[in-house]
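Protein chains: 2
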Amino acid sequence: MNKRALPLAKVYGLLETGPVVLLTTTHKGKPNVMTMSWHTMMEFEPPLVGCVVSRNDYSFEALRKTRQCVLNIPTADLAAQVVTCGNTTGRDVDKFEATGLTPVPATFVAAPLIAECFANLECRVADTRLTNRYDFFVLEVLKAWIAPGLKNPRTLHHRGYGAFMIAGDTIRLPSRMR
Amino acid sequence: MNKRALPLAKVYGLLETGPVVLLTTTHKGKPNVMTMSWHTMMEFEPPLVGCVVSRNDYSFEALRKTRQCVLNIPTADLAAQVVTCGNTTGRDVDKFEATGLTPVPATFVAAPLIAECFANLECRVADTRLTNRYDFFVLEVLKAWIAPGLKNPRTLHHRGYGAFMIAGDTIRLPSRMR
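Line by line, the protein sequences are chains A and B.
So for the first sequence, my numbering puts the first residue at 548; every next one is plus one.
So for the second sequence, my numbering puts the first residue at 548; every next one is plus one.
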């Protein structure tokens, strides 16, 4: 896996544009992956990410019990695999087998990195106070990986019911906002 | 303002792609607007939106005290105004005057709609249990407005330090995900 460590202070730039992510878990020795779009940055450093993983999703129990996951960010060339992960459930299907995506061991968590994704964020669950009410988890990013040299990743952004926006060009504006 | 009501069940499709939004408040008779990217959907209907408004932002007190706001979604033709809102503070500047953006009365909240934005979501604060720790608010969308006929809005997506991704094309995939 040809990736370098990304400084944790730069993680927010990956997530705040709203890409579809592939969330991986490993529970009772079984790795799984789900598509997820309901996430937001909550703090720069250490990076905190809030996300909704529905209790109807097979990954919910894995995340709640193991308190670990990886957020993997795919580009549009992985659209078919992203859709397969969204259309199936880990209850019935080995999604790595179904998609051909490659699990790679992470450093700090049992959940796997997905080799084909250009960025991988190893996370622990930091706060579950809104989990019972909203299925909302606060994650802390422990380690971030990024493919070198990728300037303008063509990420997928979900609009619902099969419609996905693909990230367009990046422009530079005289903004002083971090 | 040439807009129609958008069914609340369709709001998530606007926000889950991660656009920069302009959050408006009105506190003590004074309207204000800030740029914000840290938000996520939390429920389809009624639509719940989680967002971080830092206590360093002038809008924090307004949101906490009035428990009302509007999320206005700009397209790339408003980039200059978006940057002006991000580079200034309502403590010192009347941002509507500074940007020329047009405030329009909302139906359910005192905060104004921004006429130039293609979508406007009138919100009330529904939950503040994570506000003290993370400056995180759960908003409920009470009413949604959308410009008719806009199929593929060129929204702005923040990467940080002046870099903004502009929404590219929308593709259709055989996804069964809502």
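Beta carbons are placed, not taken as given, at the ideal position from N, Cα and C, and that holds for glycine.
- In this structure, the straight-line span from the alpha carbon of A/P593 to that of B/L561 is close to 29 Å.
- Contact of A/V599 with chain B by beta-carbon distance below 9 Å involves T587, M588, M589, E590, G597.
- Shown in chain order are the members of the segment 619-636 of chain B whose Cβ falls below 9 Å from a Cβ of chain A: A623, A626, A627, V629, V630, G633, N634.
- From the beta-carbon of A/D716, the residues of chain B found nearer than 7 Å are I713.
- For A/T564, the residues of chain B that pass the 7 Å Cβ criterion are G565, H704, H705, R706, M712, in the order they occur in the chain.
- In this structure, B/D716 is the residue among B/G709, B/D716, B/H705 with its C-alpha nearest to the C-alpha of A/A710.
- Sequence-ordered contacts of the segment 670-684 of chain A with chain B read D674, R676, L677, R680, Y681, D682, F683 [C-beta pairs closer than 9 Å].
- C-alpha of B/T649 to C-alpha of A/C632: approximately 43 Å in a straight line.
- Rounded to the nearest whole angstrom, the CA to CA distance from A/Y605 to B/S584 is 29 Å.
- For A/A694, the three-state secondary structure derived from DSSP is coil.
- Collapsing the DSSP output to three states places A/K612 in a helix.
- The beta carbon of B/G576 sits no closer than 8 Å to any beta carbon of chain A.
- If only complete runs of 3 or more residues are kept, the segment 560-610 of chain B shows the beta strand (DSSP E) at 568-574, 577-583, 586-590, 595-599, in order along the chain.
- Using a Cβ-Cβ cut-off of 8 Å, A/Y605 does not count as an interface residue toward chain B, since no Cβ of chain B sits closer than that to its own.
- With fewer than 16 neighbouring CB atoms inside 10 Å of its own CB, B/N699 falls in the exposed class.
- In this structure, B/T613 is the residue among B/T613, B/A627, B/V672, B/L689 with its C-alpha nearest to the C-alpha of B/K577.
- Contact check for B/N619 and B/V568: beta-carbon distance about 6 Å, within the 8 Å limit, so the pair qualifies.
- As the crow flies, the alpha-carbon of B/A626 is around 28 Å from that of A/C598.
- The bridge partners DSSP lists for A/V685 are A/G597, A/D674.
- Taking C-alpha positions only, A/A694 is separated from B/T635 by approximately 35 Å.
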